[in-house]
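For reference, the structure discussed in these notes is given below.
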Amino acid sequence: MTQVFAKGLQVQGKSNFPASKKVYTQGSRPDIRVPWRQVTLTPTSGRFGDVENAPLSLYDTSGPYTDEAIDLDVRKGLP
Numbered sequence: 001m002t003q004v005f006a007k008g009l010q011v012q013g014k015s016n017f018p019a020s021k022k023v024y025t026q027g028s029r030p031d032i033r034v035p036w037r038q039v040t041l042t043p044t045s046g047r048f049g050d051v052e053n054a055p056l057s058l059y060d061t062s063g064p065y066t067d068e069a070i071d072l073d074v075r076k077g078l079p
């Protein structure tokens, strides 16, 4: 979903990555969390039928803007 503000700024919504979700891995300290984008893959078609694929984890560099748990206003910047 794209939102357009009065100044013409287009902001992409948090649902830009279909079939994926943002997950975190705990770091060496409680205040460190490493963000990942867990992508659901479709089954692979093979000679003996479909084979399910495990989700693919990708390092997520999008920052807090794609985290559903954080309410941000891009017009105000990061807290």
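Residue numbers (this note's numbering): 1 to 79. In this text, a Cβ means the ideal position worked out from N, Cα and C, and glycines have one as well.
query                                                                                                  : result
Cβ neighbour criterion (16 or more within 10 Å) applied to T66                                         : buried
Reference P18; option with closest CA among E52, R37, N53 and P64                                      : R37
Supposed close pair P35, K22 - CB separation, criterion 8 angstroms                                    : 6 angstroms
S28 versus R47 - alpha carbon distance                                                                 : 44 angstroms
Contacting residues, own chain, Cβ-Cβ under 8 angstroms from D60 (five flanking each side not counted) : K22, P35, W36, R37 and T66
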